[in-house]
Amino acid sequence: MSNKWILLAYAALFFGVVSTYDSYADNTYLVALAGITLSVAGVGAWLWSVQHKKDKG
Numbered sequence: 145m146s147n148k149w150i151l152l153a154y155a156a157l158f159f160g161v162v163s164t165y166d167s168y169a170d171n172t173y174l175v176a177l178a179g180i181t182l183s184v185a186g187v188g189a190w191l192w193s194v195q196h197k198k199d200k201g
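Below you can see the structure in the form of structure tokens.
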């Protein structure tokens, strides 16, 4: 998977979470879960893209 697809997938996730924020804004736990999800997905995408470059050597 190339880096542009990883970035596109993360951007879609980010857009989905941000665009639906109003539906869960009153629930602190869901807001925290959304933040954790974006953080973990971002770090995961970064690690996956770095690993991909490392494998190409």
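Start counting the sequence shown at 145; every next residue gets the next number (the numbering used here).
Ideal Cβ positions, reconstructed from N, Cα and C, are used throughout, including at glycine.
Quick caveat, the model's predicted, so the values are computed rather than measured.
Cβ shell of residue i (< 8 Å), same chain only, five flanking positions each side left out
i, result
"Tyr154", "Ala185, Gly186 and Ala189"
"Leu157", "Thr181, Leu182 and Ala185"
Sub-8 Å separation of residue i and residue j beta-carbons
i, j, result
"Tyr168", "Ala176", "no"
Supposed contact pair residue j and residue i - C-beta distance, whole angstroms, cut 8 Å
i, j, result
"Leu182", "Val161", "6 Å"
Proximal residues to residue i (C-beta, below 7 Å), its chain only, five neighbours per side dropped
i, result
"Ile150", "Ala189, Trp192 and Ser193"
Other residues of its chain near residue i: CB distance less than 6 Å, five sequence neighbours each side excluded
i, result
"Asn147", "Ser193"
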